[in-house]
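Chemist: Okay, so the sequence shown: first residue is 1 according to the UniProt record's numbering, each after it adds one.
First the structure, then my questions, so here it is.
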Amino acid sequence: MRNALTPNILTPQDLDPNWQWEGRLPAWGHTSVDFERRIDHDRLRRYRLSRTREALKASDCGTLLLFDVNNIRYVSATKIGEWERDKMCRFCLLTGDDAPYVWDFGSAAVHHKKFSDWLVPDHCRAGVVGMRGTIPPSFGLMKKYAEEIAGLIRDAGMIDMPVGVDYAETAMFYALKEAGLNVVDGQQIMLSAREIKNWDEIQLLTQAASMVDGVYHMIYEELKPGVRENDIVAMSNKMLYEMGSDDVEAINAISGERCNPHPHNFTDRMFRPGDQAFFDILQSYQGYRTCYYRTFNIGKSTPEQRDAYVKCRDWLDAAIQAIKPGVGTDQVAKLWPKAEEFGFPDELSAFGLQFGHGLGLALHERPIISRAVSLDNPMEIKTGMVFALETYCPAADGYSAARIEEEVVVTDTGCEVISLFPAEELPIANRY
1 MRNALTPNIL
11 TPQDLDPNWQ
21 WEGRLPAWGH
31 TSVDFERRID
41 HDRLRRYRLS
51 RTREALKASD
61 CGTLLLFDVN
71 NIRYVSATKI
81 GEWERDKMCR
91 FCLLTGDDAP
101 YVWDFGSAAV
111 HHKKFSDWLV
121 PDHCRAGVVG
131 MRGTIPPSFG
141 LMKKYAEEIA
151 GLIRDAGMID
161 MPVGVDYAET
171 AMFYALKEAG
181 LNVVDGQQIM
191 LSAREIKNWD
201 EIQLLTQAAS
211 MVDGVYHMIY
221 EELKPGVREN
231 DIVAMSNKML
241 YEMGSDDVEA
251 INAISGERCN
261 PHPHNFTDRM
271 FRPGDQAFFD
281 ILQSYQGYRT
291 CYYRTFNIGK
301 STPEQRDAYV
311 KCRDWLDAAI
321 QAIKPGVGTD
331 QVAKLWPKAE
341 EFGFPDELSA
351 FGLQFGHGLG
361 LALHERPIIS
371 RAVSLDNPME
381 IKTGMVFALE
391 TYCPAADGYS
401 AARIEEEVVV
411 TDTGCEVISL
421 FPAEELPIAN
431 RY
């Protein structure tokens, strides 16, 4: 018998996040075993769909139509290769009390019918719309699927209620409107659903962070003159994929005079003695993301570089100490310096430097913490949120800078840091 995610199977218990806050958060091995309770994927799938249904019921919408692959995975637990992330070729429908529908790329839909037994087989359909305009609207696929979607919504009794869409091609919005659908913003509904992680999501995020712990130890050993930024990026990619990463989204590698201002990239620059260098590792394990900066010096450091690191660490520690359920994101953002105090003309020019952002199936989820956003639009920090906190401090020498980031899980009483490569003091790689 198939275990389809249908309304008669979902129960109120499926909304239970099953948190276990006593003791340290575990980072289990990555395989399934019979002698430890690790990731319960059935519980994970039921929780995510239940959270989505509750968020939908709390909104003015009767339907969600999803093109964002993170939302598709959250609702339907389907995923194909990372090549599809920006193609806008897959879509998912959740309407009324129906089980999710998934339109997927050709044979992927056949694969879901065979191997994804939590889905209703007839709801796994082959389909594609515009692929970023390469299939022109005049071909008629958008009209075809918009009318098919409208028919399913009508059958579910939701045709008179708004349809929340996360994002889509412009021509698809017109096709949905021509099919008689009232389209509104659905991304906020999905972000509301995804903001509280259950125990399985927290374990996956902790496992992902443990992989980056190991990569930073490798980087610490490899940093020396003659090695280039892109060499570290290559070695990190290799190590992460060998450990089981399903997507190395990006690795920032910034050194020497490139540190200030922060360029958010990597080049073929060679490391030199005394360079300050910082790195960010963005990767996912079973979809769950990391964003995890560390700063090093190569061989030696100057007083200006050490001072920048101490300030950067102090700003970060102040934020971490403030995190607990019920605190507003504005209270955290106020702990960080104003943009003008560290060399930028305004908060938007410094956006992302003193920063917090939710982590999950996407790199940026709720909450966002920033002086540019949070002071006038605060959000409440809640138990079960997982987010990254990152700070940046330029050095007085005019070109060096420190950048540190920690990932935290909000517990019932405070928070726990899950990014564990040592960063309390400035690490000196291959000290002279």
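Even glycine gets a Cβ: it sits at the ideal position worked out from N, Cα and C.
On a predicted model such as this, the values are computed, not experimentally measured, just so you know.
#1: Can you give me the Cβ contacts of F271 inside the same chain, cut-off strictly under 8 Å, excluding the 5 residues immediately before and after it?
#2: Can you list, in chain order, the residues of its chain with a C-beta nearer than 7 Å to that of F355? Leave out the 5 residues immediately preceding and following it.
#3: Could you tell me which residues DSSP pairs with D200 in its beta bridges?
#4: Looking at the secondary structure, which residues open and close the beta strand (DSSP E) in which R38 lies?
#5: Rounding to the nearest angstrom, what Cα-Cα distance links W83 and E416 in this structure?
#6: Taking one C-beta from the region 202-216 and one from the region 182-191 each time, how about it: are there three or more such pairs within less than 8 Å?
#7: Cα separation between F344 and A362?
#8: Grab me the residues of R2's own chain with a C-beta within less than 6 Å of its C-beta, minus the 5 sequence neighbours each way, in chain order.
#9: Pop quiz: C61 and V75 are said to be a contact at Cβ under 8 Å. What is the actual Cβ separation, rounded to whole angstroms?
#10: Considering only C-alpha positions, which residue in the set M158, A350, D104, W199 is nearest to L94?
#11: Ignoring anything shorter than 4 residues, give me the alpha helix (DSSP H) runs that lie fully in the region 329-358, in order along the chain.
#12: What are the boundary residues of the beta strand (DSSP E) that V386 is part of?
#13: Could you compute how far the alpha carbon of N260 sits from the alpha carbon of I72?
#14: So what's P378 in DSSP terms, helix, strand or just coil?
#15: Say whether the region 51-65 touches the region 212-221, bearing in mind that this needs 3 or more beta-carbon pairs closer than 8 Å, one atom from each stretch.
#16: Looking only at its own chain, which residues have a Cβ that is under 6 Å from the Cβ of T420, when we skip the five neighbours before and after it?
#17: So, helix, strand or coil for Q276, using DSSP?
#18: Can you tell me the Cα-Cα spacing of I135 and M88, whole angstroms?
#19: Could you tell me which of A395, P394, F351 sits nearest to S374, measuring between CA atoms?
#20: Between which two residues does the beta strand (DSSP E) carrying G164 extend?
#21: Can you tell which of A209, S349, L152, R132 has its C-alpha closest to the C-alpha of H30?
#22: Would you mind reading off the limits of the beta strand (DSSP E) that contains A126?
#23: Quick check: I39 and D200, are their CB atoms within less than 7 Å of each other?
#24: Quick check: what's the CA-CA separation for N8 versus A108?
#25: Using three-state DSSP, classify V120 as helix, strand or coil.
#26: Let's test the definition: count the other Cβ atoms within 10 Å of the Cβ of T11 and tell me whether it reaches 16, buried, or not, exposed.
#27: Kindly indicate which residue of D16, V410, P337 has the alpha-carbon position closest to the one of R366.
#28: Is the region 12-29 touching the region 118-126, taking contact as three or more C-beta pairs under 8 Å?
#29: Which word fits K143, buried or exposed, when buried means at least 16 other C-beta atoms lie within 10 angstroms of its C-beta?
#30: So, using beta-carbon positions, are L64 and G164 closer together than 7 Å?
#31: Which stretch, first to last residue, makes up the alpha helix (DSSP H) that contains W103?
#32: For D14 and P121, what's the separation of their Cα atoms in angstroms?
#33: With distances taken from CA atoms, which of Q305, G130, C312 is nearest Y392?
#34: So P378 packs on G328, CB below 8 Å; how close in whole Å?
#35: For R294 versus L359, is the C-beta distance shorter than 7 Å?
#36: Which residues in the same chain as G414 place their Cβ atom closer than 8 Å to its Cβ, once the five residues preceding and following it in sequence are excluded?
Modeler: Quick answer:
#1: In the sequence shown, the residue the question calls residue 271 occupies position 271. Same-chain partners within the cutoff: L223, K224, P225, G226, V227, R228, E229, S255, G256, A277, I298.
#2: On the sequence shown, residue 355 is found 355 positions in, with the first residue counted as 1. Closer than 7 Å at the Cβ level, and outside the excluded window around F355, lie I369, S370, E390.
#3: For the purposes of this step, residue 200 is taken as the residue at position 200 of the sequence shown. Per DSSP, none; premise fails for D200.
#4: Taking the sequence shown and counting its residues from 1, the one referred to as residue 38 is at position 38. Premise fails: R38 is in no beta strand (DSSP E) and is neither H nor E.
#5: The residue you call residue 83 lines up with position 83 of the sequence shown. The residue you call residue 416 lines up with position 416 of the sequence shown. Each residue's Cα considered, the two are about 34 Å apart.
#6: no
#7: The sequence position of residue 344 within the sequence shown is 344, counting from 1. The sequence position of residue 362 within the sequence shown is 362, counting from 1. One C-alpha to the other measures close to 28 Å.
#8: Sequence index remark: in the sequence shown, residue 2 carries index 2 (1-based). Its pLDDT being 45, under 50, R2 is placed unreliably by the model, and the measurement read from it follows with that caveat. Within the same chain, R2 has close Cβ partners D117.
#9: Locating residue 61 in the sequence shown gives position 61, where the first residue counts as 1. Locating residue 75 in the sequence shown gives position 75, where the first residue counts as 1. That pair is no contact at about 14 Å.
#10: Indexing the sequence shown from 1 puts residue 94 at position 94. Of the candidates M158, A350, D104, W199, the one whose C-alpha sits nearest the C-alpha of L94 is M158.
#11: 329-333
#12: As a first step, residue 386 is located in the sequence shown; it is residue number 386 there, counting from the start. Element bounds for V386: 386-394.
#13: Position 260 of the sequence shown, counting from 1, holds the residue named residue 260. Position 72 of the sequence shown, counting from 1, holds the residue named residue 72. Between N260 and I72, the C-alpha separation is close to 38 Å.
#14: Position 378 of the sequence shown, counted from the start, is the residue given in the question as residue 378. Looking at P378 - three-state DSSP - the assignment turns out to be coil, as it is neither helix nor strand.
#15: no
#16: The sequence position of residue 420 within the sequence shown is 420, counting from 1. Going by the sequence as given, residue 420 is Leu instead of Thr. Only D213 meet the Cβ criterion.
#17: Numbered from 1 along the sequence shown, position 276 holds the residue referred to as residue 276. Here Q276 sits in strand by DSSP.
#18: One-based indexing of the sequence shown puts residue 135 at position 135. One-based indexing of the sequence shown puts residue 88 at position 88. Between I135 and M88, the C-alpha separation is close to 11 Å.
#19: One-based indexing of the sequence shown puts residue 374 at position 374. Considering only alpha carbons, the answer is F351.
#20: As a first step, residue 164 must be located in the sequence shown, where it is residue number 164. Taken as a continuous stretch (DSSP letters only), the beta strand (DSSP E) holding G164 covers 163-165.
#21: Numbered from its first residue, the sequence shown carries residue 30 at position 30. Taking only the C-alpha atoms, the option nearest H30 is A209.
#22: Your numbering for residue 126 matches position 126 in the sequence shown. Run containing A126: 124-126, per the beta strand (DSSP E) assignment.
#23: Taking the sequence shown and counting its residues from 1, the one referred to as residue 39 is at position 39. Taking the sequence shown and counting its residues from 1, the one referred to as residue 200 is at position 200. Yes. Within cutoff.
#24: Position 8 of the sequence shown, counted from the start, is the residue given in the question as residue 8. Position 108 of the sequence shown, counted from the start, is the residue given in the question as residue 108. Note that N8 scores a pLDDT of 47, beneath 50, so its modelled location is shaky and nothing firm can be said.
#25: As a first step, residue 120 is located in the sequence shown; it is residue number 120 there, counting from the start. Coil at V120, not helix or strand.
#26: Indexing the sequence shown from 1 puts residue 11 at position 11. It counts as exposed.
#27: As a first step, residue 366 must be located in the sequence shown, where it is residue number 366. That would be V410, whose Cα lies nearest to the Cα of R366.
#28: no
#29: Your numbering for residue 143 matches position 143 in the sequence shown. Label assigned to K143: buried.
#30: Locating residue 64 in the sequence shown gives position 64, counting from the first residue. Locating residue 164 in the sequence shown gives position 164, counting from the first residue. Yes. Within cutoff.
#31: As a working mapping, residue 103 is identified with position 103 in the sequence shown. Unbroken run through W103 is the beta strand (DSSP E), 101-104; no alpha helix (DSSP H).
#32: The residue you call residue 14 lines up with position 14 of the sequence shown. The residue you call residue 121 lines up with position 121 of the sequence shown. About 22 Å.
#33: By one-based count along the sequence shown, residue 392 stands at place 392. Closest option to Y392, Cα to Cα, is C312.
#34: Position 378 of the sequence shown, counting from 1, holds the residue named residue 378. Position 328 of the sequence shown, counting from 1, holds the residue named residue 328. Indeed they touch by this definition, with Cβ atoms about 4 Å apart.
#35: Counted from its first residue, the sequence shown places residue 294 at position 294. Counted from its first residue, the sequence shown places residue 359 at position 359. No, the Cβ-Cβ distance between R294 and L359 is not below 7 Å.
#36: The sequence position of residue 414 within the sequence shown is 414, counting from 1. Around G414: I323, K324.
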